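Structure, as structure tokens:
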Amino acid sequence: MGGAGFQKWAWLLVVGVFLRQVDARGFEGIPGNFCRNRKPSECCEDRHDDCAVPVLGTFCYCDEFCLNGDSKHDDCCPDFRQVCLGAKPGIPLPPAELGDDPEVLQKACEVNGKEIPFGGSKAFNCNECKCEGPAAQCEDDPCMVDEALIREVNQGSRRYGWRAANYTQFWGRKASDGLRMRTGTFTPDEWSSKMYPVIMRVDASKIPRSFNARRAWKGRLTGVRDQGWCGASWAFSTLGVAQDRLNILAKGITPVALSAQNLLSCAELGQKGCQGGHIDRAWNYLRRVGIVMEECYLYESGWSRKVPKCYEQNEGRSDEGCKNHYKTEPAFRISEKEEDIQWEILNNGPVQALMTVHPDFFLYQTGVYTHTGLGGKGSATHSVKLIGWGEARVMGVGVVKYWLAENSWGSSWGERGYFKIRRGSNECGIESFVLAVRARLGNFVYGRY
Ligand SMILES: *[C@@H]1O[C@H](CO)[C@@H](O)[C@H](O)[C@H]1NC(C)=O
Numbered sequence: 425m426g427g428a429g430f431q432k433w434a435w436l437l438v439v440g441v442f443l444r445q446v447d448a449r450g451f452e453g454i455p456g457n458f459c460r461n462r463k464p465s466e467c468c469e470d471r472h473d474d475c476a477v478p479v480l481g482t483f484c485y486c487d488e489f490c491l492n493g494d495s496k497h498d499d500c501c502p503d504f505r506q507v508c509l510g511a512k513p514g515i516p517l518p519p520a521e522l523g524d525d526p527e528v529l530q531k532a533c534e535v536n537g538k539e540i541p542f543g544g545s546k547a548f549n550c551n552e553c554k555c556e557g558p559a560a561q562c563e564d565d566p567c568m569v570d571e572a573l574i575r576e577v578n579q580g581s582r583r584y585g586w587r588a589a590n591y592t593q594f595w596g597r598k599a600s601d602g603l604r605m606r607t608g609t610f611t612p613d614e615w616s617s618k619m620y621p622v623i624m625r626v627d628a629s630k631i632p633r634s635f636n637a638r639r640a641w642k643g644r645l646t647g648v649r650d651q652g653w654c655g656a657s658w659a660f661s662t663l664g665v666a667q668d669r670l671n672i673l674a675k676g677i678t679p680v681a682l683s684a685q686n687l688l689s690c691a692e693l694g695q696k697g698c699q700g701g702h703i704d705r706a707w708n709y710l711r712r713v714g715i716v717m718e719e720c721y722l723y724e725s726g727w728s729r730k731v732p733k734c735y736e737q738n739e740g741r742s743d744e745g746c747k748n749h750y751k752t753e754p755a756f757r758i759s760e761k762e763e764d765i766q767w768e769i770l771n772n773g774p775v776q777a778l779m780t781v782h783p784d785f786f787l788y789q790t791g792v793y794t795h796t797g798l799g800g801k802g803s804a805t806h807s808v809k810l811i812g813w814g815e816a817r818v819m820g821v822g823v824v825k826y827w828l829a830e831n832s833w834g835s836s837w838g839e840r841g842y843f844k845i846r847r848g849s850n851e852c853g854i855e856s857f858v859l860a861v862r863a864r865l866g867n868f869v870y871g872r873y
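Each residue of the sequence shown is one higher than the one before, counting from 425 in the numbering used here.
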């Protein structure tokens, strides 16, 4: 019994010595009284693990054992040499007046009932607090997940018509990062904003009260993607519309997804990759060069946040399908008229729409979205896919018309990746710039052989 106890004690001693040597950091030059203020005695002989004084979130020592190691890497207290050994030449004595009480220097900070050790930091949602002085220094930026806004929207849900959720994937992110990295479509330049809308012959009597392209062309639409933390909605909405229309046209063949990475990496002229892009340039690239299938060029920018250089898509691949670049006809604009947009979706499939994203949109869970005007300021231009429409009864508001839209934030956001937004009132600019394209089946050798 006694022997085993001794062994354990000896083992702890060895570990203790090892840890102390590893932890040694050389505290010389830090002003203040450390060993000098120790009670009951200033210094200890030989080694005493409790002969320690807190410094910079760790401990320094006032026993002779602290000298183990060279002077730059020992763990002696800053004033050990002066107080315990008598001052040595070359080591300046700190002025006595500056010798603040170490207890005050090393005090932990308290924020929202949480303690932050001196020299440490702690994140509160998207804001970091640092304890470097008597009070913590905290950032104060709007977060993507704004808990007060969630409460406000959900309590007033009769008024707003939609419900908000706390998304884990957005927790700890600043609203400004969300606006930068979850959108990414440049507002159309001169040329495209003057693009004249096509004239449509709409038979309003044939427009149903509700429509969902996913049901109308069952199994032909490939579904929700996730752009990740890369502001490339310009690429996702463009390819989403292109591939839906291709798949609708190519009945009976396995639907394909087109490679966003291909567009992002290769159509780089005038584009800013994960910092955003122009949809008119994206459509021009699809018309001139074309895009390979997703499986030939997998998406990686959402996690790396970098856009790798374009590589030859066929490199090292024996798969014939990867040599095909799918091209479209030139994109065209549809007027802001609700019926024109409906007519185009009804007859030819989903369309691309620009929209302004405000920070409350990050929290959308279900219902018919309208901008609340609450929460963080700032906005960004995004682009999404309109795939249908309908009407919903909203308590306290009555019947509201909505567009059914597909976002590119993954399927855990919103209604399995989709959302409804107020229709007919140009909510967030959703009707102001709508594009469509004709698929070109002829020059695309479809699918696998
Ligand atoms: C929101 O989610 C985060 C992380 O998942 C959690 O820490 C926080 O307490 C949640 N807030 C609310 C109001 O549920």
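A virtual CB, placed ideally from N, CA and C, is assigned to each residue, including glycine. Keep in mind it's a predicted model, so treat the numbers as computed, not measured.
{"Query": "Under 8 Å between C-beta atoms of glycine 800 and aspartate 498", "Result": "no"}
{"Query": "Local conformation of arginine 669 per DSSP, three classes", "Result": "helix"}
{"Query": "Pairwise C-alpha distance: glycine 585 and proline 566", "Result": "23 Å"}
{"Query": "Burial state of serine 725, where buried means 16 or more other Cβ atoms lie within 10 Å", "Result": "buried"}
{"Query": "Nearest-angstrom Cα separation, counted from serine 759 out to tryptophan 767", "Result": "11 Å"}
{"Query": "Helix, strand or coil at serine 728 according to DSSP, with G and I counted as helix", "Result": "helix"}
{"Query": "Supposed contact pair histidine 806 and threonine 607 - C-beta distance, whole angstroms, cut 8 Å", "Result": "4 Å"}
{"Query": "DSSP state of glutamate 469 mapped onto helix, strand, coil", "Result": "coil"}
{"Query": "Where the alpha helix (DSSP H) through arginine 712 begins and ends", "Result": "703-712"}
{"Query": "Cα-Cα separation, proline 513 to proline 541", "Result": "Residue confidence for proline 513 is low, a pLDDT of 46 falling below 50, so the modelled location carries little weight and cannot support an answer."}
{"Query": "Backbone CA spacing between proline 502 and asparagine 536 [nearest angstrom]", "Result": "33 Å"}
{"Query": "Residues bridged to arginine 817 [DSSP beta-bridge criterion]", "Result": "Val823"}
{"Query": "Chain-order list of residues whose beta-carbon lies under 7 Å from that of lysine 733 (same chain, five-residue window excluded)", "Result": "Ser689"}
{"Query": "Through-space distance from phenylalanine 635 to serine 836, alpha-carbon basis", "Result": "23 Å"}
{"Query": "Residues of its chain near arginine 862, where Cβ-Cβ distance is below 6 Å and the 5 sequence neighbours each way are ignored", "Result": "Glu753"}
{"Query": "Spatial neighbours of alanine 547 in its chain, beta-carbon cut-off 7 Å, leaving aside the 5 residues before and after", "Result": "Gly596"}
{"Query": "8 Å Cβ cutoff met for phenylalanine 660 and alanine 684", "Result": "yes"}
{"Query": "For threonine 805: DSSP bridge partner residues", "Result": "Thr780"}
{"Query": "Through-space distance from glutamate 763 to methionine 605, alpha-carbon basis", "Result": "33 Å"}
{"Query": "Continuous beta strand (DSSP E) assignments of at least 3 residues falling wholly in the region 537-622", "Result": "538-540, 545-548, 551-554, 586-588"}
{"Query": "Proximity below 8 Å, CB of valine 665 to CB of asparagine 671", "Result": "no"}
{"Query": "Minimum C-alpha distance to valine 808 - residue among Leu509, Ala860, Tyr485", "Result": "Ala860"}
{"Query": "Boundaries (first-last residue) of the beta strand (DSSP E) holding cysteine 690", "Result": "Here cysteine 690 belongs to no beta strand (DSSP E); instead the alpha helix (DSSP H) covers 684-690."}
{"Query": "Close Cβ partners of glycine 543 (< 6 Å) along its chain, the five nearest in sequence each way excluded", "Result": "Leu480, Gly481"}
{"Query": "For isoleucine 854, the three-state DSSP class (helix, strand or coil)", "Result": "coil"}
{"Query": "Candidates Gly822, Ile765, Asp650: closest to leucine 722 by CA position", "Result": "Asp650"}
{"Query": "Three-way DSSP call (helix, strand, coil) for leucine 859 in this model", "Result": "strand"}
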